[in-house]
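In what follows, a single structure is set out as structure tokens and then discussed.
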Amino acid sequence: MSKLLRRLAAALALAAVAVALLFLLLPFALNTWLLPALLDDLPDSERILSVNRLTPFSASGTLHLGEPEKPGIAVPRLVLTFSPLELLKKRLRSMTIDHAVLHLYRSDDRIIIPGLSSAGTVKDSRSTVAPLALPLIVDHLIIKQCSLVLHENGRTPLRLSVSADLTISSTRDGNATYRLETAAGRFALADLILARGTADLSAVDDGYLLSLDLEHAEGEVPARFVPPSLQGSRLGPVNATLSLALAEDLRSSTALDLRASFTQPSLTVGPLKVTGAEESGTVRLSVNGTPSALYYELSPLLLSSPALRLAATPRGSLSVGQDGITLTGEVDMVATRAAERLASTVSWRGSRQSDGSWQLAIDGRAGDQKPLTIPGVPATITVPAANLHADLTGRPHHLSARIDLELPQIELIHDAITTNLSGTTVRLLVEHRDDETSGDLHGAVNRVLLPGQAMELGGLELKLPYILAPPDTTGDEVPRAGSLAIGSISRQDTLLGDFSATLHQRSARIDLDGALQAAFPPRPRLYLTGSVRPAAGTFELSWQLPSTAVDAALLPNIAGIPKQLGFTGTLTADGSLQRHAGRLGGLLTASLRDGTLTQDERRLNISDLDCSLTLPHLPEIRSAPSQRCTAARIDIGNLHFGAADISYRLEDLRTLFIEKSRVDWCRGTLESSSVRLSTINPEIDTVLYSSRINFAELLNQFGFDQTEGDGALNGKLPVKWSGDQLHIDDGFLFSTPGAGGIVQFTNTDLLRQGIGTVQQAGSLGYSLKALEDFAYNWSRLSFNSFGDELLLTMELDGRPRTPLPYAFKNGALVEAQQGKLDYPIRLDINLRLPLAELLRVGYDVKSIMGNK
């Protein structure tokens, strides 16, 4: 018996040693012969699969697949736990994947895993779906800090870390395979996205239902996946719930329901910023349906820019089929401010085919009868209706687009000026191939009306072919010429002219060459040339009006020149206007030569009128100092002036400042002090200084016809103009002290009415006779106005040049045949002269200045 026991003990010991040797040598055998044979089907790859430790209840090992210097799958530690009986049933208690890394390489829009063959059979999605049968089942799956790494040439790899703990249940069928029943647990994401969540997969009658809950996911979208215009945007923390109905083979889905909320997202596209419209700033996304008909809604959004704030709720459908993807949708937008409502709706429909081509159609409608205020700009705009339609098509390296915009009516109010536009249409054609964009811009406006200015523009049309070359090219290619035209320019229902120009795009600038042509004879043309750089917001414009004959009789009535007033001359002008660095500046020079101004009824005549004007700081209407205007002769009724020379400056459109003026009058000169003329305040208060005025010629101009003589007068005339009346207060002219003169009155009837007292017992007859040839010692003329009359007081002290046939008789002067008397006398003569003629001329001048 004892011998049997010893043999049994020895057998057990040998068996134990054999089992121990088996488990000790089994990893070596597996690593040397079995596992390499299993990996022989993976061509051209570096393959390492090894078992480091093996016990009856566990096994651990490593796995490495890849290509030389390009890893694919790296599992440094893989741990399996099991029981011998469960292992025989192809069941594992747990599987732990620790710090595994899956390397993905992006090349030619494909994702490659080095070490795995790209060959394989693509299963037709239309074939019958077979239930998922698993030859091996794991009850507990643990993933510890495993990573997915995306590699792209020349870019920093992107890493997403995943950790998970899943509990799995299954049932075994008669074919020794397992059917998955449930899989549930938690997972965590790190690196690229920080998030935690739960996952639950459960079997249902026709497949599986997968539920995922994502909690407070945060991360930054890599710049390579975001257009430059969107960089700097953020989605904010995201909470999401996904319910996905899967087929029995887990390879396709039959239904989807996604609910996500984004906390305080911020998306910036140029001047447009997109945020959440709720008080908390939350944006909600809903996607549900089947792969053939997915419905989405994103709400509520707030779109804000310096000019507009809109609340928007996009919604639509998405379907995926064998031929591609079809997308439809619409969005209702309403301004958030009650006084600035602009309701609009945008809808779209698009599709993408399997060959990479796609189509997208967009329709939009907007409009509101209430005015819209533009923040930061003193303007309001009212758009009762607007219609947008766009067709976009594309394929690899090619994009075509046609965008049409219709605006039936627009009202713009800026700086109290109202502008109405009717029949506005815009069409934009775009062709993008490789790195070059070209197309045509066509815009038209039927009518532009400025009611306050009684101005109307008709038939505006813009045609601009363009080419947008990439920045690193020379841009030498020039598209065909475009055009800009204004069919008619009218004011107060009077046609003034038209405008036409050709446009050429040259790289980043657009050149303009055109002319503004008047509708009235001799149809003068104002030539314009310039260029604009839209991207930089700069432009340069110059114009020139060649020497053009001007005749008031041919000008339209809106020029404001009275019909009785004749005006002719030769006008030339040139200038420039430019905008650089946000500042506007320019220059205007104009001149009038050989001008004449006549008015027969008022006997007004100005001849050889030459004037020049320089505005050095456009758009400011303010001239340089010391502008000059001259005339060879000025006749106003009985008043006749010689050469006139005026220095002035234009302060604004309503104000003219006379720096100094000089005019020849009665062989002397008449000069004025500085005076400001304004249409807002028409009052004038100045002093006219007279020097060496010939006494006889002065009297001739004031009605003493055929008066002759010599002698000069000096003095000043204070002049006031109230807008309706001309006033001369205490004006005087006097002879030079110690220097008398001679005056010879031919018509003494006017003097008889005005002679007052004759000193030293002189008689009226003797005085009038003496004035026919009178040598005065001194003279003085005083001027004062009363209403429309001028009171002229003339004082003379002297004696007749030759003795007169008068003698004293009884102390009185009487005619005597034998008498020869040159007795001295002093005369005071008061005359009232009409100023109405001068006033009427003044009214004509006022009408030209806009004060009819």
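For the sequence shown, this note's numbering assigns the number 288 to the initial residue and increments by one for each residue that follows. Heads up, the beta-carbon is just placed ideally off N, CA and C, and yes, glycines get one too.
Q: Determine contact between the region 425 to 434 and the region 537 to 554, defined as no fewer than three beta-carbon pairs at a distance below 8 Å.
A: no
**Q.** For W952 and L842, the rounded distance between their alpha carbons
**A.** Translated into the one-based positions of the sequence shown, residue 842 becomes position 555. Translated into the one-based positions of the sequence shown, residue 952 becomes position 665. Rounded to the nearest angstrom, the two C-alpha atoms are 33 Å apart.
Q) What did DSSP end up calling Y495 once you bin it into helix, strand or coil? A) If you number the sequence shown from 1, residue 495 lands on position 208. Note: Y495 maps to strand in three-state DSSP.
(Q) Let me check one thing: in DSSP terms, what residues is Q831 bridge-paired to? (A) The residue given as residue 831 occupies position 544 in the sequence shown. According to DSSP, Q831 bridges with Y814 and D861.
Q | Buried or exposed by the 16-neighbour rule on C-beta atoms within 10 Å, applied to P509 | A | As a first step, residue 509 must be located in the sequence shown, where it is residue number 222. P509 is exposed by the Cβ-count criterion.
Q.
So if DSSP puts P1087 in a beta bridge, which residue, or which two residues, is it bridged to?
A. Start at 1 with the first residue of the sequence shown, and residue 1087 comes out as number 800. Answer is F1061.
Q: Tell me, to the nearest whole angstrom, how far the beta carbon of V974 is from that of K1003; I am working on the premise that it is less than 8 Å.
A: Taking the sequence shown and counting its residues from 1, one reaches residue 974 at position 687. Taking the sequence shown and counting its residues from 1, one reaches residue 1003 at position 716. Cβ-Cβ separation between V974 and K1003: approximately 5 Å, consistent with a contact (criterion under 8 Å).
Q: Kindly give me the distance between the Cβ atoms of L496 and S489, rounded to whole angstroms, as I take these residues to be in contact under 8 Å.
A: Here residue 496 is taken as the residue at index 209 of the sequence shown, counted from 1. Here residue 489 is taken as the residue at index 202 of the sequence shown, counted from 1. So it is a contact: roughly 6 Å between Cβ atoms.
Q) Whose C-alpha, out of D1016, S631, D1060 and R364, is nearest the C-alpha of P1111? A) Your numbering for residue 1111 matches position 824 in the sequence shown. For the residues D1016, S631, D1060 and R364, the minimum Cα distance to P1111 belongs to D1060.
Q) From what residue to what residue does the beta strand (DSSP E) around L453 run? A) One-based indexing of the sequence shown puts residue 453 at position 166. Taken as a continuous stretch (DSSP letters only), the beta strand (DSSP E) holding L453 covers L445 to R459.
Q.
With DSSP as the reference, identify every bridge partner of R1143, one or two as the case may be.
A. The requested residue 1143 does not occur in the structure, where the chain is confined to residues 288 to 1139.
**Q.** CA-to-CA distance, M382 to E468, given in whole angstroms
**A.** Here residue 468 corresponds to residue number 181 of the sequence shown, with the count starting at 1. Here residue 382 corresponds to residue number 95 of the sequence shown, with the count starting at 1. Their Cα atoms are separated by approximately 18 Å.
Q | Limits of the unbroken alpha helix (DSSP H) element including V1041 | A | Taking the first residue of the sequence shown as 1, we reach residue 1041 at position 754. Residue identity check: residue 1041 is Gly in the sequence provided, not Val. Per DSSP, G1041 belongs to the alpha helix (DSSP H) from D1036 to G1041.
Q. Who are the near neighbours of V1101 in its chain, counting only those whose CB is closer than 7 Å to its CB and skipping five residues on each side?
A. By one-based count along the sequence shown, residue 1101 stands at place 814. Cβ neighbours of V1101 beyond the five flanking positions: Y1093 and A1094.
(Q) For A703, tell me which candidate among A731, Q740 and G862 has the shortest Cα-Cα distance. (A) Numbered from its first residue, the sequence shown carries residue 703 at position 416. Here the closest residue by C-alpha is Q740.
Q: Find the nearest neighbour of E698 within the set L708, D691 and L715, judged by alpha-carbon distance.
A: Taking the sequence shown and counting its residues from 1, one reaches residue 698 at position 411. Checked all of L708, D691 and L715; the closest Cα to E698 is L708.
Q. Which word fits H390, buried or exposed, when buried means at least 16 other C-beta atoms lie within 10 angstroms of its C-beta?
A. In the sequence shown, counting from the first residue as 1, residue 390 sits at position 103. With 16 or more other Cβ atoms within 10 Å, it is buried.
Q: Examine the Cβ distances between the region 356 to 370 and the region 440 to 450 and report whether three or more of them are shorter than 8 Å.
A: no
Q.
Please report the distance separating the alpha-carbon of L871 from that of L1077.
A. Taking the first residue of the sequence shown as 1, we reach residue 871 at position 584. Taking the first residue of the sequence shown as 1, we reach residue 1077 at position 790. The straight-line gap from Cα to Cα measures roughly 51 Å.
Q. What separation, rounded to the nearest whole angstrom, lies between the Cα atoms of A1057 and N981?
A. Position 770 of the sequence shown, counted from the start, is the residue given in the question as residue 1057. Position 694 of the sequence shown, counted from the start, is the residue given in the question as residue 981. Roughly 20 Å between the two C-alpha positions.
**Q.** Closest residue to C916 among L905, L900 and K377 (Cα-Cα distance)
**A.** By 1-based counting over the sequence shown, the position of residue 916 is 629. The shortest Cα separation from C916 among L905, L900 and K377 belongs to L900.
Q) What separation, rounded to the nearest whole angstrom, lies between the Cα atoms of N1117 and L1037? A) Numbered from 1 along the sequence shown, position 830 holds the residue referred to as residue 1117. Numbered from 1 along the sequence shown, position 750 holds the residue referred to as residue 1037. Between N1117 and L1037, the C-alpha separation is close to 10 Å.
Q: Give the straight-line distance between the Cα atoms of D678 and R689, rounded to the nearest whole angstrom.
A: Counted from its first residue, the sequence shown places residue 678 at position 391. Counted from its first residue, the sequence shown places residue 689 at position 402. Rounded to whole angstroms, D678 to R689 spans 5 Å at the Cα level.
(Q) Taking only three categories from DSSP, how would you classify S910? (A) Indexing the sequence shown from 1 puts residue 910 at position 623. If DSSP states are grouped into helix, strand and coil, S910 belongs with coil.
Q.
Given this structure, state the Cα-to-Cα distance separating D939 from H701, to the nearest angstrom.
A. Position 652 of the sequence shown, counted from the first residue, corresponds to residue 939. Position 414 of the sequence shown, counted from the first residue, corresponds to residue 701. One Cα belongs to D939, the other to H701, and the distance between them is close to 20 Å.
Q) For T680, which residues from the same chain have a beta carbon less than 6 Å from its beta carbon, with the 5 sequence-adjacent residues on both sides left out? A) Here residue 680 refers to the residue found at position 393 of the sequence shown. Cβ neighbours of T680 beyond the five flanking positions: Q646 and S687.
Q. Taking all protein chains shown into account, do 16 or more other C-beta atoms lie within 10 angstroms of the C-beta of T706, making it buried, or fewer, making it exposed?
A. Against the sequence shown, residue 706 aligns to sequence position 419. T706 should be labelled buried.
Q: Could you check how far apart the C-beta atoms of G506 and L481 are, in whole angstroms? I think they sit under 8 Å.
A: In the sequence shown, residue 506 corresponds to position 219, counting from 1. In the sequence shown, residue 481 corresponds to position 194, counting from 1. About 6 Å; that satisfies the 8 Å criterion.
**Q.** Per-residue DSSP class, three states only, for F1032
**A.** What you label residue 1032 is simply residue 745 of the sequence shown in a count that begins at 1. F1032 falls in the coil class under three-state DSSP.
Q.
I need the straight-line Cα distance from D1109 to F1070, nearest angstrom please.
A. The residue labelled residue 1109 in the question sits at position 822 within the sequence shown. The residue labelled residue 1070 in the question sits at position 783 within the sequence shown. Cα-Cα distance, rounded: 30 Å.
Q | A823 classed as buried or exposed, judged by whether at least 16 other C-beta atoms fall within 10 angstroms | A | Counted from its first residue, the sequence shown places residue 823 at position 536. With fewer than 16 Cβ atoms within 10 Å of its Cβ, A823 is classed as exposed.
Q: Taking V1030 as the reference, give the member of A999, N575 and L716 with the closest Cα.
A: One-based indexing of the sequence shown puts residue 1030 at position 743. Closest by alpha carbon: A999.
Q) If we call anything under 7 Å between Cβ atoms a contact, is G484 one with F474? A) On the sequence shown, residue 484 is found 197 positions in, with the first residue counted as 1. On the sequence shown, residue 474 is found 187 positions in, with the first residue counted as 1. Yes, they are a contact pair.
Q.
By DSSP's criteria, L614 is part of a beta bridge. Which residues make up the other side?
A. Residue numbering aside, residue 614 sits at position 327 when the sequence shown is read from its first letter. According to DSSP, L614 bridges with L605 and G637.
Q.
For P695, tell me which candidate among R720, T669 and A806 has the shortest Cα-Cα distance.
A. Sequence index remark: in the sequence shown, residue 695 carries index 408 (1-based). For P695, the nearest C-alpha among the options comes from T669.
Q. What first and last residue would you give for the beta strand (DSSP E) that runs through P269?
A. Lying outside 288 to 1139, the shown extent of the chain, residue 269 is not represented and no answer is given.
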